[in-house]
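Peer 1: Supplied in structure tokens, the structure appears directly below.
Protein chains: 2
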Amino acid sequence: MKIDQLINEIRKKQSFLCIGLDVDLNKIPKHLLNEDDPIFAFNKAIIDATHHLCVAYKPNTAFYEAYGIKGWQALERTISYLNKEYPEIYTIADAKRGDIGNTSTMYAKAFFEDLGFDSVTVAPYMGKDSVEPFLAFKDKHTILLALTSNQGAFDFQTKSLDGLELYKHVLQTSITWKNAQNLMYVIGATKAEYLSEIRQIIPDNFLLVPGVGAQGGNLQEVCKYGMTENVGLLINSSRGIIYASQEKDFAQSAARKAEELQQQMHLVLSK
Amino acid sequence: MKIDQLINEIRKKQSFLCIGLDVDLNKIPKHLLNEDDPIFAFNKAIIDATHHLCVAYKPNTAFYEAYGIKGWQALERTISYLNKEYPEIYTIADAKRGDIGNTSTMYAKAFFEDLGFDSVTVAPYMGKDSVEPFLAFKDKHTILLALTSNQGAFDFQTKSLDGLELYKHVLQTSITWKNAQNLMYVIGATKAEYLSEIRQIIPDNFLLVPGVGAQGGNLQEVCKYGMTENVGLLINSSRGIIYASQEKDFAQSAARKAEELQQQMHLVLSK
Numbered sequence: 001m002k003i004d005q006l007i008n009e010i011r012k013k014q015s016f017l018c019i020g021l022d023v024d025l026n027k028i029p030k031h032l033l034n035e036d037d038p039i040f041a042f043n044k045a046i047i048d049a050t051h052h053l054c055v056a057y058k059p060n061t062a063f064y065e066a067y068g069i070k071g072w073q074a075l076e077r078t079i080s081y082l083n084k085e086y087p088e089i090y091t092i093a094d095a096k097r098g099d100i101g102n103t104s105t106m107y108a109k110a111f112f113e114d115l116g117f118d119s120v121t122v123a124p125y126m127g128k129d130s131v132e133p134f135l136a137f138k139d140k141h142t143i144l145l146a147l148t149s150n151q152g153a154f155d156f157q158t159k160s161l162d163g164l165e166l167y168k169h170v171l172q173t174s175i176t177w178k179n180a181q182n183l184m185y186v187i188g189a190t191k192a193e194y195l196s197e198i199r200q201i202i203p204d205n206f207l208l209v210p211g212v213g214a215q216g217g218n219l220q221e222v223c224k225y226g227m228t229e230n231v232g233l234l235i236n237s238s239r240g241i242i243y244a245s246q247e248k249d250f251a252q253s254a255a256r257k258a259e260e261l262q263q264q265m266h267l268v269l270s271k
Numbered sequence: 001m002k003i004d005q006l007i008n009e010i011r012k013k014q015s016f017l018c019i020g021l022d023v024d025l026n027k028i029p030k031h032l033l034n035e036d037d038p039i040f041a042f043n044k045a046i047i048d049a050t051h052h053l054c055v056a057y058k059p060n061t062a063f064y065e066a067y068g069i070k071g072w073q074a075l076e077r078t079i080s081y082l083n084k085e086y087p088e089i090y091t092i093a094d095a096k097r098g099d100i101g102n103t104s105t106m107y108a109k110a111f112f113e114d115l116g117f118d119s120v121t122v123a124p125y126m127g128k129d130s131v132e133p134f135l136a137f138k139d140k141h142t143i144l145l146a147l148t149s150n151q152g153a154f155d156f157q158t159k160s161l162d163g164l165e166l167y168k169h170v171l172q173t174s175i176t177w178k179n180a181q182n183l184m185y186v187i188g189a190t191k192a193e194y195l196s197e198i199r200q201i202i203p204d205n206f207l208l209v210p211g212v213g214a215q216g217g218n219l220q221e222v223c224k225y226g227m228t229e230n231v232g233l234l235i236n237s238s239r240g241i242i243y244a245s246q247e248k249d250f251a252q253s254a255a256r257k258a259e260e261l262q263q264q265m266h267l268v269l270s271k
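Chains as they are written, first to last, in UniProt numbering: chain A, 1 to 271; chain B, 1 to 271.
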């Protein structure tokens, strides 16, 4: 998907919400466990109930790999369903991959071509030649981990590296890479105060912001410091939406939670 | 597998060779493409021909994900075959995973419990709470990326972070984590001269060393600076062994290449 299509969709829906499809069979409504493919049944219901309130879905691949072949089948069915029924939706494979050059190309093909995702999250530790193979795909985005929302982010990411915090070094270095226009970045909402400095380095790139809701991040703070003329933000919520209820009305409950966030986003966009 | 079993196996076979099972359908002998599961057929032939010469196999998950469901089935069949037929062999899922806590647990379960690997490679960028979920598994190892064998390693890993190179910071910090006795590290063979300083920080941990052969690393150099009393090294070779020939005798050719390395290792161990 071209970035303009995503921006148009954000304007139209008055939403920059991304819903994380992190399906845990211990948390979904019990009646779904009788389905042939409970993971896909859950995703389909959530998607059908929320697609008008969000612009993106983000399955975290860990939750699918944990169920082996069946998990991968559910992931394939989910992305196929999205691409067929809701082609206007932006899709993110939250895979946090990254390997040496020819191997990164294999991952990129798997997520961009075979599965048909619009974007994939990638870890920066191995540097340029581990990321550029992802960037080479036209109209696909590589979402680089910069500053994550977990406590462990302070172990290395915020440490000073030759006088600059590691995550800023990742930002500054990555924008010099080939096809850097295809980069987005993961910036945790729990660290909204970092966003104004981040925007000095990457004024325009889209940021995927996890950690609003369950992890304690604040939407208004994130928008205040991180929003650009083209919005430039995708705010992700996973558990807070998809596990709003474990009863038969789970999809409607999820839609209500999504609508709460969408309404807050509408307010921000109307200002 | 307990580390003592691995060490015993190394002594017995006079080998600390790990063979990378990075199967690319464009590179395997053409006659295998008629098989129901060409990837598994290739792996089985390579394993049957080389298992007495090596102590570990390391499938890189990218090469399996690239083939979707069929790739995952081939990965499952490969690890099942290894665990059933050659339980003395140490197995490494080269997956380079890492995510926030509960998500890392999902990855750990997938690789350690469902698939039954002895170890998995993990990226350190997200810090302690992204790695400790892997370390919690008894008699399983977490192989943390420290200094990789690619050019991009110089983008961040070797940069000075508060006065110490990032990869050394990763080593020093990680050994303070809970269950750190379950850590091994990836150290590229192309940077053998770093090994003596690395051994000052982690004198005993096993190192998984890619980059001997195709990537230009030198076995003698790696052993000179990196070997410990308990050997402490797993030297990986992938393409140099498994693609030694594309003819019908490919498995025998692979065995000859593996034996060349095993003989060099025998010499080193006999000193």
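Just so it is clear, CB atoms sit at the ideal spot from N, CA and C, and this is done for glycine as well. The model shown is predicted, which means the values in this text are computed figures rather than measured ones.
Would DSSP call Asn102 of chain B helix, strand or coil?
Peer 2: Position 102 of the second sequence holds residue 102 of chain B. Reduced to three states, the DSSP call for Asn102 of chain B is helix.
Peer 1: If I follow the unbroken alpha helix (DSSP H) through Thr78 of chain A, where does it start and stop?
Peer 2: As a first step, residue 78 of chain A is located in the first sequence; it is residue number 78 there, counting from the start. That run of the alpha helix (DSSP H) goes Gly68 to Glu85.
Peer 1: Whole angstroms is fine: what's the gap from Thr103 of chain B's alpha carbon to Gly240 of chain A's?
Peer 2: Locating residue 103 of chain B in the second sequence gives position 103, counting from the first residue. Locating residue 240 of chain A in the first sequence gives position 240, counting from the first residue. Using only the alpha carbons, I get a separation of about 16 Å.
Peer 1: For Glu247 of chain A, decide whether its Cβ has a neighbour in chain B, counting only Cβ atoms nearer than 8 Å.
Peer 2: As a first step, residue 247 of chain A is located in the first sequence; it is residue number 247 there, counting from the start. For Glu247 of chain A, the answer is no, since every Cβ of chain B falls outside 8 Å of its Cβ.
Peer 1: Run through the DSSP bridge pairs and tell me what Thr142 of chain A is partnered with.
Peer 2: Along the first sequence, one-based indexing puts residue 142 of chain A at 142. Partner(s): A:Val120 and A:Leu183.
Peer 1: By the 7 Å beta-carbon criterion, what residues does the stretch 38-62 of chain B contribute toward chain A?
Peer 2: If the cut-off is 7 Å between Cβ atoms, the stretch 38-62 of chain B has Asn60 and Ala62 near chain A.
Peer 1: Can you check whether the C-beta of Pro124 of chain A is within less than 8 Å of a C-beta belonging to chain B?
Peer 2: Reading the first sequence from its first residue, position 124 is the one you call residue 124 of chain A. Yes, contact with chain B.
Peer 1: Measure the CB-CB distance between Thr121 of chain B and Leu145 of chain B and report whether it falls below 8 Å.
Peer 2: Numbered from 1 along the second sequence, position 121 holds the residue referred to as residue 121 of chain B. Numbered from 1 along the second sequence, position 145 holds the residue referred to as residue 145 of chain B. Yes, the pair counts as a contact, with Cβ atoms nearer than the cut-off.
Peer 1: Grouping DSSP H, G and I as helix and E and B as strand, with all else coil, what is Tyr243 of chain B?
Peer 2: Locating residue 243 of chain B in the second sequence gives position 243, counting from the first residue. Coil.
Peer 1: Within 8 Å of any Cβ in chain A, is that where the Cβ of Ile160 of chain B sits?
Peer 2: Locating residue 160 of chain B in the second sequence gives position 160, where the first residue counts as 1. Note on identity: in this sequence residue 160 of chain B is Ser, with Ile being the wrong assignment. Taking Cβ atoms only, chain A reaches closer than 8 Å to Ser160 of chain B, which makes this a yes.
Peer 1: Since Gly152 of chain B meets chain A, which of its residues come closer than 7 Å, beta carbon to beta carbon?
Peer 2: Position 152 of the second sequence holds residue 152 of chain B. What Gly152 of chain B touches in chain A: Met126, Gly127, Lys128, Asp129 and Ser130.
Peer 1: For chain A, find out if any of its Cβ atoms is closer than 8 Å to the Cβ of Phe117 of chain B; answer yes or no.
Peer 2: Stepping through the second sequence from its first residue, residue 117 of chain B is reached at position 117. No, Phe117 of chain B lies away from the interface with chain A (no Cβ there is under 8 Å from its Cβ).
Peer 1: Between Ser119 of chain B and the rest of its own chain, which residues show a CB-CB distance below 6 Å, the 5 nearest in sequence each way excluded?
Peer 2: For the purposes of this step, residue 119 of chain B is taken as residue 119 along the second sequence, with counting starting at 1. Result list for Ser119 of chain B: Ile92, His141 and Ile143, in chain order.
Peer 1: Mapping DSSP to helix, strand and coil, what is Gly165 of chain A?
Peer 2: Translated into positions along the first sequence, residue 165 of chain A becomes position 165. Residue 165 of chain A is actually Glu in this sequence, not Gly. Here Glu165 of chain A sits in strand by DSSP.
Peer 1: His169 of chain B versus chain A: which residues are under 8 Å apart at the beta carbon?
Peer 2: Here the question's residue 169 of chain B lines up with position 169 in the second sequence. Under the 8 Å cutoff, chain A gives Phe156 and Lys159.
Peer 1: Candidates A:Glu113, A:Lys178, A:Gly152 and A:Tyr185: which alpha carbon is nearest Asn168 of chain A's?
Peer 2: Indexing the first sequence from 1 puts residue 168 of chain A at position 168. The question names Asn, but residue 168 of chain A in the sequence shown is Lys. Among A:Glu113, A:Lys178, A:Gly152 and A:Tyr185, the Cα nearest to that of Lys168 of chain A belongs to A:Tyr185.
Peer 1: Report all residues from its chain with a CB closer than 6 Å to the CB of Ile202 of chain B; omit the five preceding and five following residues, and keep chain order.
Peer 2: Translated into the one-based positions of the second sequence, residue 202 of chain B becomes position 202. So the list reads Leu171, once near-sequence residues are dropped.
Peer 1: By a C-beta neighbour count over all protein chains shown, 10 Å radius and 16 as the cutoff for buried, is Asp99 of chain A buried or exposed?
Peer 2: Position 99 of the first sequence, counting from 1, holds the residue named residue 99 of chain A. By the 10 Å Cβ count, Asp99 of chain A comes out buried.
Peer 1: Chain B beta carbons: is any one of them nearer than 8 Å to that of Tyr185 of chain A?
Peer 2: Indexing the first sequence from 1 puts residue 185 of chain A at position 185. It does not: the Cβ of Tyr185 of chain A has no partner Cβ on chain B nearer than 8 Å.
Peer 1: Could you spell out where the alpha helix (DSSP H) holding Val222 of chain B opens and where it closes?
Peer 2: On the second sequence, residue 222 of chain B is found 222 positions in, with the first residue counted as 1. That run of the alpha helix (DSSP H) goes Leu219 to Gly226.
Peer 1: Determine, for Glu9 of chain B, whether the minimum Cβ-Cβ distance to residues of chain A falls below 8 Å.
Peer 2: For this step, residue 9 of chain B is matched to residue 9 along the second sequence. Output row for Glu9 of chain B: interface = no.
Peer 1: In terms of alpha-carbon separation, which member of A:Ser15, A:Ala189 and A:Leu219 lies closest to Gln151 of chain A?
Peer 2: Reading the first sequence from its first residue, position 151 is the one you call residue 151 of chain A. The candidate whose alpha carbon is nearest that of Gln151 of chain A is A:Ala189.
Peer 1: Who are the Cβ neighbours of Phe111 of chain B in its own chain at under 7 Å, not counting the five residues just before and after it?
Peer 2: Translated into positions along the second sequence, residue 111 of chain B becomes position 111. Here the set comprises Ala93, Ala95, Phe117 and Val120.
Peer 1: Determine the direct distance from the alpha carbon of Ile19 of chain B to that of Asn83 of chain B, and round the result to whole angstroms.
Peer 2: If you number the second sequence from 1, residue 83 of chain B lands on position 83. If you number the second sequence from 1, residue 19 of chain B lands on position 19. If you take the alpha carbons of Asn83 of chain B and Ile19 of chain B, they lie about 16 Å apart.
Peer 1: With contact counted as at least three CB pairs below 8 Å, one residue from each stretch, are the stretch 218-226 of chain A and the stretch 20-27 of chain A in contact?
Peer 2: No, the stretch 218-226 of chain A is not in contact with the stretch 20-27 of chain A.
Peer 1: Can you give me the start and stop residues for the beta strand (DSSP E) that Leu93 of chain B sits inside?
Peer 2: By 1-based counting over the second sequence, the position of residue 93 of chain B is 93. Looking at the sequence itself, residue 93 of chain B is Ala, so the reference to Leu does not match. Counting along the chain, the beta strand (DSSP E) containing Ala93 of chain B begins and ends at Tyr90 to Arg97.
Peer 1: Quick one: measure Cβ to Cβ for Pro38 of chain B and Ile28 of chain B, integer angstroms, because I've assumed they're closer than 8 Å.
Peer 2: Within the second sequence, numbered from 1, the residue matching residue 38 of chain B stands at position 38. Within the second sequence, numbered from 1, the residue matching residue 28 of chain B stands at position 28. Sure, about 7 Å apart at Cβ, within 8 Å.
Peer 1: Give a yes or no on whether the minimum CB-CB distance between Ala110 of chain A and chain B is below 8 Å.
Peer 2: One-based indexing of the first sequence puts residue 110 of chain A at position 110. Ala110 of chain A counts as touching chain B.
Peer 1: Since Tyr57 of chain A is in the alpha helix (DSSP H), which residue starts that stretch and which ends it?
Peer 2: For the purposes of this step, residue 57 of chain A is taken as the residue at position 57 of the first sequence. Where Tyr57 of chain A is concerned, there is no enclosing alpha helix (DSSP H), although the beta strand (DSSP E) it sits in stretches over Ala56 to Lys58.
Peer 1: I need the straight-line Cα distance from Leu248 of chain B to Tyr57 of chain B, nearest angstrom please.
Peer 2: In the second sequence, the residue the question calls residue 248 of chain B occupies position 248. In the second sequence, the residue the question calls residue 57 of chain B occupies position 57. First, the residue type needs correcting, since residue 248 of chain B is Lys and not Leu in the sequence shown. Those two C-alpha atoms are separated by around 22 Å.
Peer 1: Return the bridge partner residues of Asn150 of chain A from the DSSP annotation.
Peer 2: As a working note, residue 150 of chain A is residue 150 in the first sequence. DSSP, once it has assigned bridges, lists no residue as partnering Asn150 of chain A.
Peer 1: Taking CB distances under 8 Å as the criterion, tell me whether Leu144 of chain A reaches chain B.
Peer 2: Along the first sequence, one-based indexing puts residue 144 of chain A at 144. Leu144 of chain A does not count as touching chain B.
Peer 1: Are the C-beta of Thr190 of chain B and some C-beta of chain A separated by less than 8 Å?
Peer 2: Here the question's residue 190 of chain B lines up with position 190 in the second sequence. Taking Cβ atoms only, chain A never reaches closer than 8 Å to Thr190 of chain B, which makes this a no.
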